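Asks: For the numbering used here, count along the sequence shown from 1 and bump the result up by 385.
One structure follows; several queries about it will come next.
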Amino acid sequence: MPHYMFQVAYTSESWATQIKNPQNRMEAIRPVVESVGGKLESFHLAFGEYDVIIIAEFPDNVSAGAISVAAAAGGGVKAIKTTPLMTVEEGMEMARKAAGSGYRPPGS
386 MPHYMFQVAY TSESWATQIK NPQNRMEAIR PVVESVGGKL ESFHLAFGEY DVIIIAEFPD
446 NVSAGAISVA AAAGGGVKAI KTTPLMTVEE GMEMARKAAG SGYRPPGS
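Written out as structure tokens, the structure is:
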């Protein structure tokens, strides 16, 4: 199954709730991911632009997108960025296809 990285920024209200009553959000997220056929691979807290980094497998883009939209609509996050990930082999295949595509930049 394809892997996706979710970078999530909490709202100040979400952080205030976590500070007041810390919760294991990984265990809250796991069944949500599984509800659309996904598998939670890793869940990390971070600091900086994003507060949470999630790596998960999903059967397709629609399933991954559904989780991203659900999180955005829930009101607890101020930003979410979803990035499809490729294996090294997929990246090499992509490069080979790009080389054989015949693309030429404008003016060439």
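In this text, a Cβ means the ideal position worked out from N, Cα and C, and glycines have one as well.
Only a predicted model underlies this, so the values are computations on that prediction, with no experimental measurement involved.
1) Can you tell me the Cα-Cα spacing of N429 and M479, whole angstroms?
2) CB F391 to CB S453, shorter than 8 Å?
3) If you check the beta carbons only, do P444 and G422 fall under 8 Å apart?
4) Give the DSSP-derived three-state secondary structure of V437 in the structure shown.
5) Along the beta strand (DSSP E) that carries S486, what are the first and last residues, could you check?
6) Let's test the definition: count the other Cβ atoms within 10 Å of the Cβ of V418 and tell me whether it reaches 16, buried, or not, exposed.
7) Write down the C-beta distance between T468 and Y395 rounded to the nearest angstrom, noting that I regard them as a contact closer than 8 Å.
8) According to DSSP, is S427 helix, strand or coil?
9) Provide the residue span of the alpha helix (DSSP H) that contains M411, from first to last.
10) Verify whether the separation of the beta carbon atoms of I414 and I438 is less than 8 Å.
11) Taking 8 Å as the threshold (C-beta atoms), are V473 and Y435 in contact?
Replies: The answer reads as follows:
1) Residue identity check: residue 429 is His in the sequence provided, not Asn. Distance between the alpha carbons of H429 and M479: 29 Å.
2) Cβ atoms of F391 and S453: closer than 8 Å.
3) yes
4) strand
5) Looking at the DSSP string, S486 is not in any beta strand (DSSP E), and its letter there is neither H nor E.
6) Classification of V418: buried, given that the 10 Å Cβ count is 16 or more.
7) Their Cβ separation, rounded to whole angstroms, is 18 Å, which puts T468 and Y395 out of contact at 8 Å.
8) strand
9) R410 to E419
10) no
11) With respect to V473, Y435 sits apart: the two C-beta atoms are not nearer than 8 Å.
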